[in-house]
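So for the sequence shown, the numbering used here puts the first residue at 139; every next one is plus one. For every residue, glycine included, the Cβ atom is placed at its ideal position computed from N, Cα and C.
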Amino acid sequence: MTNLVNEANTPWFTQLREQCEYPSNQVFSKVLFKDDNCQYKLICLATGQNMAEHSTNRNATITVIAGRGVLTLVGKEVALEPGVFVSMPLGTRHALKSEENLAFLLIFSGNFG
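Dropping the structure here:
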């Protein structure tokens, strides 16, 4: 599920935790903001959900908002908890597992125009 919440060049704010949803049968994904250079996505995984290994198609960063999980990043396990920040250059292989409801802000950078 992907929804665009806000268009470029429009001032806007939100409390990220209020945007979170944790459906048990899918990953929740909501585009909060997008312009020609960046896309800000809220990603939520319910407890026990996994994202199979895949690679980034742009430079990406993750900032954990809530919950706990494990990110397998180029063969190393990274504990995800609120406040953790991860940088992934284009093409970085990674996988995710949520240990409890997990929410993070995923920011893609690159040309979206």
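Residue range of the unbroken beta strand (DSSP E) whose run includes R206: The residue labelled residue 206 in the question sits at position 68 within the sequence shown. 197-211 is the span of the beta strand (DSSP E), which, as asked, contains R206.
Close beta carbons around C198, own chain, < 7 Å, minus the five adjacent residues each side: Along the sequence shown, one-based indexing puts residue 198 at 60. Note that residue 198 is Ala in the sequence shown, not Cys. Cβ within range, chain order: M226, L244, I245, F246.
Same chain only: Cβ atoms within 8 Å of R155, ignoring 5 sequence neighbours per side: Walking along the sequence shown from the start, residue 155 turns up at place 17. Taken in chain order, the residues that qualify are I203, A204, A241.
E237 versus A217, V222, N195, G248, residue with shortest Cα-Cα distance: Here residue 237 refers to the residue found at position 99 of the sequence shown. Checked all of A217, V222, N195, G248; the closest Cα to E237 is A217.
Residue closest to P149, alpha-carbon to alpha-carbon, out of K172, A184, T210: The residue you call residue 149 lines up with position 11 of the sequence shown. That would be K172, whose Cα lies nearest to the Cα of P149.
F246 - partner residues in DSSP beta bridges: In the sequence shown, residue 246 corresponds to position 108, counting from 1. When beta bridges are read from the DSSP output, F246 appears opposite Q177, A198.
Unbroken alpha helix (DSSP H) run spanning L154, endpoints: Mapped onto the sequence shown, residue 154 falls at position 16. L154: member of the alpha helix (DSSP H) spanning 154-157, first to last residue.
Same chain, Cβ closer than 8 Å to Q157, five either side skipped, listed in chain order: For the purposes of this step, residue 157 is taken as residue 19 along the sequence shown, with counting starting at 1. Excluding residues within five positions, the ones whose Cβ falls inside 8 Å are V143, K168, L170, L180.
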